[in-house]
Each structure stands twice: as C-alpha cells, then as structure tokens.
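A.B. asks:
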C-alpha cells in the first residue's frame, strides 16, 4: 500500500494544474520573441506624463478614468514620491479611538486614522481603544532610538580584515565628522563590527531627528565609506554601503538586541469588570488564550510572540505616510497578558522596531499630512510621540483580538462585518 | 575609568529625553480623569455617518475637506471594507514594466501598477523589469497552495490529549464534509497535529479558489470545531478557532516547511551584456554582493535571505487590493544569484507565502479593481497568475537593488529621485 | 565628548590583546615553513597502533600513561567507533532517580545514569526525579518518529527543475524498493520536495527501527540517488546525497513542523504540597518564573523555549552511547508550567528531535551498554521507551532548575556543590 | 477519495504503536502505587558511597563491575564534579592533526585529541587538518570575549520599570565593585537593559580569565542583585538571578549580536592542487556544494549556516574537560567557501559562542588534563589559544565534509569505517 506515493502524485498534479509536464516545462522557457517596448522611466509627475504612459499602454479607458482622471488635479503633489505616475490609489480610512496614551512623549487622547480594506479591522482596534481608554489609557515609552546602516568590506585574508577593523574602530570621531558634513538632522551614535573570515561588516547606528531617516543614513554612510577608501591603511577588495546586516525591510532577531527605529513598550492594567463589560470575557480567559497562542507562535518559528501587530501597523503607517514596506520589519515583538493578584488583566506590548517619522517621506502628502494633523502629530518633535501612540494602538489591537478568540467570537465578527460588502463574489 | 558606566548613563538620559525620572514616571501613570467620549463604532459607510464622526471629533475643517469632501462621492463603495469611515486615503501609483512572465499560469507581458510614497521604488523595479524582459522574461511557477487555520484544544492531561488526537486524526472525511457545508470555494486538503503536553494544536490546510481566503477558512474551521465539541469522545477544557500556529500576519520559519498562501519560485538567466548595458555592472560583481548580503542576512537572524521583497510586495498588494498587513508574512524567502559557466547571471527568488486573491477582499474596490484589470488579472481563475507575476516582480526588484549596491550607485539613486520632492523639510 | 569612540577603541585593544596591529596581522599569515609530518590515519584500534602514534607525537610519558596505559586492555573493543585511537577518556557517572515514567512504551521506575563533569548537574536532576516520582511519575509519549536525508539536485533552469520534481514525486514506490534493497531496518515513509529556482531539494523521511540510523539513511538515500541518475528524464547538473536541509547536527525551526528522530512530549501534575516539601517553593512562584524566562528565551532568539534541556540530554546521551553531537539538534523544544485551578503545578516538556537508539552506534560499548542494561533499555524494541524516559528526565530537570531560580537558590547550589572540588584553581 | 484521511489515520496508528486508544491513555495516567524508594543524593565521591548506591539499586553485578570496579581507584578524583557517583564512563580518544594554527594567541602545530564513539568522525577531521596544515595552517582570531548573566526584575507597572532601569543604568561603577568583591578573575565589562512592559531584564557581560566561568558570573550577579534589593529606589515584586535571556545552554540568534564565551573566526586559502591531491575534488565543486547547502540550512531555519560544527566541538569539548552541554549553544555560526580569482579555495568559519576554559570545571580531571597538556594548552593564559585551535579544527571539519559531499564520497566513508565494528547488530 502506498498512500504517500498517491499523495506525492497529488502534489505533482497540483503543480501541473492540468497541463502535461512537457507543456508546463515549455511554458517556463524564456522567450525573446516580440519583446514589448518598455518606456523610459520618468520622475516627472503630472497629468501630461501620466497620459502619455496610458497612451502607450493602451487598454480600456474606464481604468484610466478611475485611476487618473478623478485625481488628476492633485497628481503633481506626489512629485518626488513616485516615478512613472499613472494615477492615484484610494482606500478608505476609518477612525479608531480616541485612545488615551500616557507616554514619555505622547500625552492625551488621540483619534487614530486607519487606512485598510479589511472588514472588521477598524472595528476591532476601536473596541480595544475603547476599553483601554476606559481603564485610564496605555502607558508607553520609547526605550531606544536608532537607525542603522551596515557597510561591508571584503579583504584577501583575515589578517587584512584584522588590520582594517582595528583601524576602523579607532576612527569614531572622524566618522562622526564625516557624517555631520552630510546632515544636520542625523547623528552617528555608535559603531559596531562583525568580522566573518576575511569580511568585515561595520554597523553604524544613527539618530535621525523626527524623520524616519533611511535615506539620510544611506548618504551619511556613503560619506564615511568614501573617507575609509581614502584613509584606510589596508584597502578592501570590494565594499558596499549596505550589506543586509542592518535588518532594513525585514523581520530580524537582531532587532531585539539593538533596535530598528524606535523600541517602544506599552502596558495597561484593566479591571476585571471593564474586561467583562467591554470585551465580554474575563482576564483569566484572555490570559489562558494568550499563553496557548504564545506557544503556538513559538512552535511556528516566529520572531517574538504576538497576535496581529501587522494589521494595526499597516493601517496606521498607510494613513500617516510612513513607509508601509517597513511593516515587514516592524511587525515583530512581544505581547504579554497576565492576571494580577487582584484578578485584573495586565497587558503589554513591546516592539523593537517601530519605523515612524513625522517629517519627510510620505508625511507631507495631502491625506497623510491631514491624518497626522488630526492626531496633532505632524512636524518636528513629534516622532517619539507617534511611536508611543502606535504602541498603544497595537496594545488595543491585541486586547481586542485576544478577547474575541478567548470568547469564541472571532469568526462571528468577521462574518458579520464582511457580510455588508457589495463587491464580493 | 568607566567608559561603559558613562554610556549606560547616556542610555538612561536618552530614555528620559530631558525629564527628571520622577516626571517621567508620573507621566506613565494611568489617568482616569476626564475620560473622552468614545463613539459607538459603525459599519455603515456613507457621507452622513462620516460627517457625524467629524462633528464629534472637531478639529480644523481643512483636514475634513482633504480626507472626506474630495472623495465623498465614492465613499459608499467601501461599505463592507471599513468601519467608522471618515474619508479616503490617496497615494500615487507608478507603473513598472511591462514585465514578461513565463509562468505555469501567467504568460505574457504585464504592466505592473505599484502604489507607494517612497521615492526611487518604482524606478528601481521598473529598471529590473526592463532588463528581465529583455532577457526573455521571468520563468515562474506556483509550487504549492494552501491557507491554514490552526485551532487548539486544551485538556487536563496528556493522556486525554492522546485520546483526542487519535480520534481527531481519524475524522478527516467528516471534517471535509463540515467544511463543504460552509463554503463552495474552500476545500480542506490536509490536517496536521502537534501535541504539546496536554495541549493539542490541529493544523487545517485549505485551498480557497481565487480568494485570499482568510475569512473563509476561519468560518470553515469554526464549523469543524463545532462538530468536534459535539462528537469528540473527550471534551477539551478550552478550545480556540486559531492558536497562532498558522503564521497568520507574521513571518515564520514554518512557512518554508509548508506554505502560506502560494509558494512560488521565479528565475531567469541574464546575458552578461544585458547586465552591463542595463544595470551598469557585471554578473560577477552582482554575485559577489549577493553572497556578502546573504551572510549579512544570516548574521542578523532573518527568516530566509533576500534583499527588499517587502518593497515590491507592499506596493503591488496596495495597488491590487490585497491585504497589505500580509506583507509581514509574505516578505520572507530566498534570493539566489550565480554566475553561469558562460559568464552570464543566473538569478532566482522563492517565496513560501504570497497571499493574493483576484476576487473578494479589497480586489473589487474602484482603483484596486482597475489595477487588476490593467494587468488582465481580475476575477476567477487568475490568482495563481497574479502570484507568478508577483514573484517575477520581486525578482526584478532584487536584480535592480543588487545591481545598484554592487555598482556603488545605491545612495546616488536615492539622492537624485527624492531631491525633486517639494514637501520635504 | 566621544565615549563611544573610547569604547570601540577598547574593543580594538581587546582584539589585539597587547600586541601591535602589525604583530597581530603578521601572526595571522599562513606559514608553510617546517611543515609537521602528519601521520596517515588508521581505523585499526589496538595498543600497538596507539603506541606508534604516541611515539610519533612524543611528549611527556605521563599523559600516555593516563590516556592509554590504564585502559589499554579494553582498547580493541572500540574498533569501528574511532580512528587514530590513542587512548580512552574517562568521566564520572552519577545516578539520578529512579524516575517513574508512564509512557506509551516506557513503563516503570528507571534509574538514570548521567555522565558529566559539571558540579550540581546530577544533584539537580535527581531532585527533579524525586518530586516527579512522588507525584506519580511523568506521562510521556512518542508522537512521531522519522529521520531524514535531503538530497539536492541542481538544473540549468526552473523549467528543468519542474520536469524533474514532477517525475520524482511519481516514483515513491520505486524509491521504497531501492531503499528496501539496502536495509531491512530502515523504511522510507515520506518524500517531500522544495523547489528553489533551478534547485530541487528532496526530503526523504525514514524509520530506522531501534537504531539512531543516520548512517543507514545515508546509504539508503545514496541508492535512491543512484537510481535517479539512471532513470530521471532530465539529468541534474550536480547532485548531493545531503543538502543540509535535514537539520542533521544543528538546531532548526523546521524540526517543529516535522521531526528529527523522535518527537516526544511528557507532562505531570504536582500537588502544591509536594512542590513545597521537595522543591521549597510554590506552584505560583514556579509559573511566574517560567513565564518570565519564556519571554527571556523569545527575546534572545532561541528555537523553542526551555531552560536547560542540553544538560540532561548531553549527560544521558553520553552515558548511554548516543551521538552526543546530536545535542545540538535535540536541545530545542518547549517547556510549559501552569498553575491548575486546584492550585497545583502542571508542567510539560515537548521535544521535536530526540535522537536515540538502543542498538548500533556507541550503544554496544562496555560502559554504555552497561548503562542501558541498568535501565533495562538495551537492544531491539527499546528506543521509543528510551526516548520517553529521556523526556521524563528533562521534565525533572526543568522542574528542578525553575524551582531553584524561582526560590532564589540557584547560585547557592552551585557554590555549595562545586566547592568540594580539589582540582580547581 | 481521501488519501490524506488514510494518512492521518496512519499517523494515529503510529502513535498508538499497536495498542488500543484506551490502553494507551491508561498507560499515560500518573500512578502513585508502590512508589520506589529514592535515595538521598550525595556529593561525596568514593567507592564506598558508590557501592551503597549499587546495593540499593540491585541488578546484575556485571554492570557494576564494568562501571565501578574497573575504575574504582580513580573515583575520588571526581569529587566536586559529580554527585551520586556510581562509576566511570569510558569512550575512546582519537588523534587528529597535528593542525597548524596561526592565531593571535595560538601559534604552532597542535595535535588534537577527539573523544567520540562515531565512526569516521576522527578520520574526517584528521583529513581536514592534513590539507589545512599543508596549506600553511588556519589563521584564527578571537574577536570578542564575554560571558553573560541576565537577571530579571518584575514591577507593578511600566512606570516603576522606567524608574528602576534609569536608576540601574547609573550604577555601573557600584555594580563593578560588588562583582570585584566576589571574584578576582571575573570582571564586569558591560550592562545592557531590555524593558518589556513592567519587566526589566538586565544583561551583565563579564570576562572570566581563563575559566569558562558560568558559575563565577552567577555568584557575581547574585551579589549585584543583593545590592539592588538593598539600594534600589523602587523594589521589584519578583526578581531572578537569571532570566533565560543570556543564551546559556541553547542556540540563540542573539549570540551573533553579542557573544557567548569567545567569538572566533578562522580562515585559510587552499591551492587547487592541494584540494585535488588531498580532498579528491576541486575548489569549484566545493563552493558549489557550499552554496547549495547554505541555502538548505536557511530553508530549514537554522541559526547561522554551517555543516557539522557539533561533531568537532563535542569531541574536543569532551576530550578537554569542557562542558559538553554547551555544544547546544556553541554549534552555531557561519561557514563560507569561495573560489579565488586564482582558482584556489578560500574557506572560513566564524563562531559567536565557543565556550572553553583551560582552568576549572572538568579541565583538571585526569584524562581531560592530559589531553590539554598534550596540546600545550592547560592552565592560565591558554583559553584564547584553545578557542582559536577549536575554530581551526572546525574549519578542517567543514573542509573535509564538504569535500566528501561534493565529490560524492560521503556515504562511502561511513560505510567503510563503520563496517569494522564488532558490536553492531
């Protein structure tokens, strides 16, 4: 009997999806016939350029109407944030909160705009904000701030690598000066090193004021690399301004040992009666679920243990003009729920890598700036507060989803809220 | 001398950010005075409801004008995709490609709409699409498809857990029937089990047609759980429809062993002259960088090794109405670059968890549907093709960024393209 | 002020360890002068051969006396387990238990021999065995058994890889026959596949009777690879019998999704009065510590969460002739402590990769066989029982260390037990 | 058709191993009948005590003869390294090398004793030592040294945690004094902090002279904790001397960012003709295998990428009296192979956590000390050299196994060397 043989056959069938293997293999071959014309890209953002791209592309004019024509008047404001612009994407914003945050920087009741197309997301975070605020709000603090670039240098031998790293580690003051010449907002605060055989990775940590700062630190690190090439007693065979050690745009275990952007923790204590009234469950039931889900996370090999940080992060990043690709690196951390001696619920979230700015990037665009202004968090001196509000929001989200799962209401909420949609098949 | 003492002091100062420790600690205390009024949430999406929220919230009318008034006419189409709607977020879409994809499902030249506010992103992916297409396109294949829900069951003892798991593993046919009663699109294809002491995690794998399917599998799993509670010879003390083992909304090592959504691989062979002409570097230089960056990723503790999957994924997910929070789970995988015996460049990407649908979710919203239509990928029977195009796009993105980093052009591109922005500080 | 500069300078100084950088770099240079004579290795194990190696090596005869002469009479029994034999290593064995184990295979009270040179290790495990047995013993069950080999095959293109994998997945029955021709103990039970660009990794899962089986599955997989090279419609450019995907000799997240060797869980419920009497702490205090340490583990990026599995595993593996290098892969898993509603302690351990055999390898050597016989676990039909006893032992070890840490006795035990040593500086 | 249902049924059958589910469940129940007598443990190590344990245990006298009687004369020398001693474990030692090491501390040709019962292990490392030495030896350098203890402190609120951490970070000088009062060998070199909600983890990094030092840093940290409890302005609700954040006895991603014990790198350049002559393969073939296996490791979710560090580490740790349980934490790191422009092989290994001492622990026991003396590495001032030799050995092991796998000789070596065994079934 060969049950498994039958199964692996099923797997093969599924790959082929109804084709013969010859047909499948043939489809995968590169094909240089009739290559399409590929337009030269353009950084110029305006209606005329966009129209030209549409003309080249052809296709049904109704999509052009939706994407371009309806938003054509504001297209130019995206200059410098996009290339090859063909129009404007729109998605709805819902409001969660207000959420009370008691932070080192944030202090007050914050309305929280969330951009998403997922049913139940805003409702769930709103519910969490509500109970958290009723309990006196989320305490929140930024624990560390830094953004890294990790240039790398390849040598012939470990002996050369040794000579280089010893020299480089003595250059901290000079490196700071080189950085200072490229930016007034960014400051070099630390230099680390990793020697791997004949390769040397340096890790430069910066603060970047209230900008998210990825580009700022790239330019600063380039300046340091230029100096290294001029001054180092032993020249690298190859070098790169970024070696993928910095954790840029990806979840990494390293973030817990250092930080990516802002490391933030937020916590709250919820009286049992609030849990029952607003969340329809009990502190003990929530803790029981938390524990089982924490181990579920561990068994699946996640970095950190948490429920759905990504949902709130993505929605807040989108609404406020952050780089939403950073959700990949930011959506890690630790959620912890306990029952206190008094029978109340203690809940906390800790995130090692919240990547937010309140100036630069997409923060100055029309709807994005409007959302930041709504929260009172646009401009200089606000990014730490935004990170603390962000942590408070994620705490609210963990409270809400864990309540729903522990009370057995999780599937119900999704059924109810998505049911009103008109566009579904 | 105690340099480190001085440093840890600096760290403490940075946490306090200029406050005394008493002041800092006081700010963090919960505060139940003057609690704000928190509006009841609403799933109804229209101008009137939105206006009511704005009225409650108060604040400068200019933000309402930007967020609500300018898009008020299309607000109702978001019914079922948002709650507490207050308006519409807008971000620009740029076009990359067309990209030639030779896939098991995708076949042809695809224009690729990318929604982002990050300068240089579209330009970089466009450059990659160009060279990839000139080389005959990306070969791409979906290797596996499944979406999981992992309910969990707690018992008194491991003995009870043993009795339960043996019973449950014999119920596969019944579980399939229960699933079939809740959905015609979703099919249960496998059931796995993990016993951890007196806890049992089941892992249900589904296919969900062309929908991304997270809600579909939640409802189906709920139905199975309902059956388990009726029929199991040993009842759990507690149970949950999802235990955090499924990897939903987070990067997990487990995805490589199974899949989340669609597991896809894409590859291409680029003649050296194309690399030189379009990317201004050489196959050897790109491979050298790839190797150093692969180890950089390993040293930082990432899941998989890759460059910037998150950038392209987030931009394509946004443009096409996917759940952008899934970037957290999708942006893992493996990029590999080699030099062939002929001196050409071989490049591949493999992603275990692309989460895309071409029906349902946000795919039917105006601009999102328009983008899918532009690609010819809206509706039934298209989701595998979309996943293959997605993998091809990410291959293009890896080619472009690795070319820039290996040629020393990385910082230059960012400086040039972001410089044209008007909104920067 | 540049505190950090001073620090990185300190780091450089520490690397140099008092040398100049020139001197340091010079020491690292390869040196082909006066190359030593390197004897041809020998698999022959006897006193004469050993003496010859000692003669070549020279050196103080007292070490030869200790290593070789005292054990020369039994040297030949190590034939086939060592090469270039020069003598015999000795380390003490202490006895923990007896430990009561209520397992699917193990059943009874097991004395547990532990080989170690670490003070307090045996005492700590013994204490845990004592309380666990007083509570009625550890329940334990083997959940899955398999040992994998993962050959890999490189092709020119993903198209060829597709053709190959579809073919290979249809060969399960033939693969089984090829395996059966090489071994009567080993059975092929599953074949999985991973396609990564133009590379295909196959994953062969075997059962291997009561042997640990790493060599058996290597030979079996080699036979399958030989068949593949003869019969495959598309030949790989390169192929390897093992590709490092199987997790051999290293901790991997993948083990939780499949298994390495034997996946085992063990649990127990300890009445509060036993905890107080034997462990001098309370269930609540132990759970509190467990939770904090679980998150400590998560923050440090371990695979699974546990205390000190490695201690008990290494000591038991050594005493019973297992491959102690497998501690690297076996010492992962999950420990969980809870307080029951009745106020008692619930405790469990789960290990995805216990690698034990009761025949073959080092199990037949004199002291190793004696230890297995002492436990009643030597020979055919015993390996599952040994794995369950192993899990029970590790549960005892977690109970003991967590008790010590939660009661504040951890440092005391180490101080007291190591203090009696005579050999310390 | 329900292939999978059949399979899950098979899985259930395999758990039951031929029993009914009722029988299986019954076996797992705790059983307090006829509890065995459990002897009080004893730290006294001598023949009389051991005999008493044997008398209590009963059983066949032949095992006592093998374990105790043959080694009874040296039993007392293990006083302080074992409890409940019942005898002595013996395993063979084979010699690899001599290996030439060009290190910052190690310099010369080292014979390397390896204790193992695994056929082919010594032969494989010996082969690697041979080719490495012929190429001029391994360059090796200790990059960082530290051993950590991570006490943890729980507070009521994040506000209290904030007050505590700010205070603690200002106490570095006092902490150093407290440490200095407990040890003259250990020095506190850094203090880090992680705040997770209302929990604070401190991370104390020490140097410990030439001892491995785990106990030393435990006692030192206990002294600091005692001081904290006296002096802190805000008292923790609970505290622990170790919180599982330090990575003790387990593989952790964190080790790459800091170190566990000694961080060491070793490399070499092997002329193509040496590779062909001694390893029967080519630099290109070895690099090709390395790359495929590196990605195999990534896909399986290991920490770092390497072949079989655990084999050499365990064998050397055992022979030289190191704590072999530390293999769990030490056997991670990065192996890298490249082909140089000249067509030679470049190879390196980097390990973040080699845990070795040359004084204390098991290093002074008879055979262990003899092995260290054989290498010239016993006593003060030798531990950095031992770590460098260790890295060189592992480089040799990676060369040998990768050569075997790339040349297709892997299964052959195992077949040949294990075949001479007499004890196999």
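Chains as they are written, first to last, in this note's numbering: chain W, 1 to 425; chain V, 1 to 425; chain X, 1 to 425; chain R, 1 to 425.
Idealized CB from N, CA, C, for every residue including glycine.
Since this is a predicted model, take the numbers as computed values, not measurements.
Using a C-beta to C-beta distance shorter than 7 Å, which residues of chain R count as neighbours of residue 159/V?
C.D. replies: Ordered by position in chain R, the residues that pass the 7 Å Cβ test against residue 159/V are 25, 28, 29.
A.B. asks: At the level of alpha carbons, what is the spacing between residue 411/R and residue 193/X?
C.D. replies: Taking the straight line joining both Cα atoms gives about 22 Å.
A.B. asks: Quick one: Cα of residue 424/X to Cα of residue 63/R, how far?
C.D. replies: Low per-residue confidence applies at residue 424/X: pLDDT is 42, beneath 50, and the placement is therefore not dependable enough to give any value.
A.B. asks: Against chain X, with Cβ distances strictly below 8 Å, would residue 109/R count as a contact?
C.D. replies: At least one chain X Cβ lies under 8 Å of residue 109/R.
A.B. asks: Quick one: does residue 198/X have its CB under 8 Å from some CB of chain R?
C.D. replies: It does not; no Cβ of chain R falls within 8 Å.
A.B. asks: Is residue 306/X close to chain W? Criterion is C-beta to C-beta, closer than 8 Å.
C.D. replies: For residue 306/X, the answer is no, since every Cβ of chain W falls outside 8 Å of its Cβ.
A.B. asks: Counting Cβ pairs closer than 8 Å, one from the segment 159-169 of chain R and one from the segment 128-143 of chain R, do we hit at least three?
C.D. replies: No contact exists between the segment 159-169 of chain R and the segment 128-143 of chain R.
A.B. asks: Just to confirm, are residue 435/W and residue 361/V a CB contact at a threshold of 8 Å?
C.D. replies: Since the first residue shown for chain W is 1 and the last is 425, residue 435/W is missing from the structure and cannot be characterised.
A.B. asks: Between the segment 259-275 of chain W and chain R, which residues of the former have a C-beta closer than 8 Å to a C-beta of the latter?
C.D. replies: Against chain R - using a Cβ distance shorter than 8 Å - the residues of the segment 259-275 of chain W are 265, 266, 267, 269.
A.B. asks: With distances taken Cα to Cα, identify the nearest neighbour of residue 382/R among 401/R, 357/R, 100/R, 257/R.
C.D. replies: Residue 382/R has its Cα closest to that of 357/R, out of 401/R, 357/R, 100/R, 257/R.
A.B. asks: Report the partner residues of residue 107/V according to the DSSP bridge assignment.
C.D. replies: Answer by DSSP bridge pairing, in chain order: 102/V.
A.B. asks: State the Cα-Cα distance for the pair residue 336/W and residue 405/W, rounded to the nearest angstrom.
C.D. replies: Those two C-alpha atoms are separated by around 15 Å.
A.B. asks: Start and end of the beta strand (DSSP E) containing residue 215/X?
C.D. replies: Careful: residue 215/X lies outside any beta strand (DSSP E), inside the alpha helix (DSSP H) at 214-231.
A.B. asks: If we count the other Cβ atoms within 10 Å of its Cβ and call it buried at 16 or more, is residue 277/R buried or exposed?
C.D. replies: Its Cβ having fewer than 16 others within 10 Å, residue 277/R is exposed.
A.B. asks: For the ligand FAD, is there any heavy atom lying closer than 7 Å to the beta carbon of residue 232/R?
C.D. replies: What this structure holds is no ligand at all, so the ligand FAD is not there to describe.
A.B. asks: Can you give me the C-alpha to C-alpha distance between residue 207/R and residue 147/R, rounded to a whole angstrom?
C.D. replies: Approximately 6 Å, taken between the alpha carbons.
A.B. asks: Alpha carbon to alpha carbon, what distance is there between residue 331/R and residue 327/W?
C.D. replies: Distance between the alpha carbons of residue 327/W and residue 331/R: 32 Å.
A.B. asks: Within 8 Å (strictly less), CB to CB, does residue 235/V reach chain W?
C.D. replies: Judged by the 8 Å Cβ criterion, residue 235/V is not in contact with chain W.
A.B. asks: Taking C-beta to C-beta, are residue 87/V and residue 99/V nearer than 8 Å?
C.D. replies: The answer is no: Cβ separation not under 8 Å.
A.B. asks: Output the distance between the C-alpha atoms of residue 339/X and residue 296/X, rounded to the nearest integer angstrom.
C.D. replies: Between residue 339/X and residue 296/X, the C-alpha separation is close to 20 Å.
A.B. asks: Exposed or buried, which one is residue 32/W when buried takes at least 16 other CB atoms within 10 Å?
C.D. replies: It is exposed - the Cβ of residue 32/W has fewer than 16 other Cβ atoms within 10 Å.
A.B. asks: Any idea if residue 342/W is buried or exposed, counting beta-carbon neighbours within 10 angstroms, 16 or more meaning buried?
C.D. replies: Classification of residue 342/W: exposed, given that the 10 Å Cβ count is below 16.
A.B. asks: In the DSSP assignment, the alpha helix (DSSP H) including residue 404/R goes from what residue to what residue?
C.D. replies: Its alpha helix (DSSP H) spans residues 383-407.
A.B. asks: Within 8 Å of any Cβ in chain X, is that where the Cβ of residue 281/W sits?
C.D. replies: It does not; no Cβ of chain X falls within 8 Å.
A.B. asks: Please name the residues in the segment 318-337 of chain X whose beta-carbon is closer than 8 Å to at least one beta-carbon of chain W, in chain order.
C.D. replies: Those residues of the segment 318-337 of chain X that come within reach of chain W (Cβ to Cβ, closer than 8 Å) are 334, 336.
A.B. asks: Taking contact to mean at least 3 C-beta pairs separated by less than 8 Å, is the segment 172-186 of chain X in contact with the segment 216-234 of chain X?
C.D. replies: Touching, per the Cβ criterion.
A.B. asks: Please name the residue or residues paired with residue 42/X in a DSSP beta bridge.
C.D. replies: BP columns for residue 42/X are empty, so no partner.
A.B. asks: Give the C-beta separation of residue 435/R and residue 392/R to the nearest angstrom, bearing in mind that I take them to be a contact with Cβ-Cβ under 8 Å.
C.D. replies: This structure cannot settle anything about residue 435/R, because the visible part of chain R is limited to 1 through 425.
A.B. asks: Kindly indicate which residue of 229/R, 293/R, 248/R, 263/R has the alpha-carbon position closest to the one of residue 153/R.
C.D. replies: Answer by Cα proximity: 229/R.
A.B. asks: Determine, using beta-carbon pairs with one atom in the segment 363-375 of chain R and one in the segment 43-55 of chain X, whether at least three such pairs fall under 8 Å.
C.D. replies: No: the two stretches stay apart, fewer than three of their Cβ pairs being nearer than 8 Å.
A.B. asks: Pick out whichever of 227/V, 13/V, 371/V, 245/V has its Cα sitting closest to the Cα of residue 205/V.
C.D. replies: The shortest C-alpha separation from residue 205/V is found at 245/V.
A.B. asks: Can you find the residues in the same chain that come closer than 7 Å, C-beta to C-beta, to residue 84/W, ignoring five residues on each side of it along the sequence?
C.D. replies: If we look at residue 84/W and ignore the five residues flanking it on each side, its Cβ neighbours are 41, 42, 53.
A.B. asks: Determine, using beta carbons only, whether residue 389/R and residue 78/R come nearer to each other than 8 Å.
C.D. replies: No. Outside cutoff.
A.B. asks: State the Cα-Cα distance for the pair residue 38/R and residue 97/X, rounded to the nearest angstrom.
C.D. replies: Roughly 6 Å separates the two Cα atoms.
A.B. asks: Compare the C-beta of residue 63/R with all C-beta atoms of chain X and state if any pair is closer than 8 Å.
C.D. replies: Interface residue, yes.
A.B. asks: Below 9 Å between beta carbons is the criterion; list the residues of the segment 124-157 of chain W that meet it against any residue of chain X, in chain order.
C.D. replies: Within the segment 124-157 of chain W, the qualifying residues are 157.
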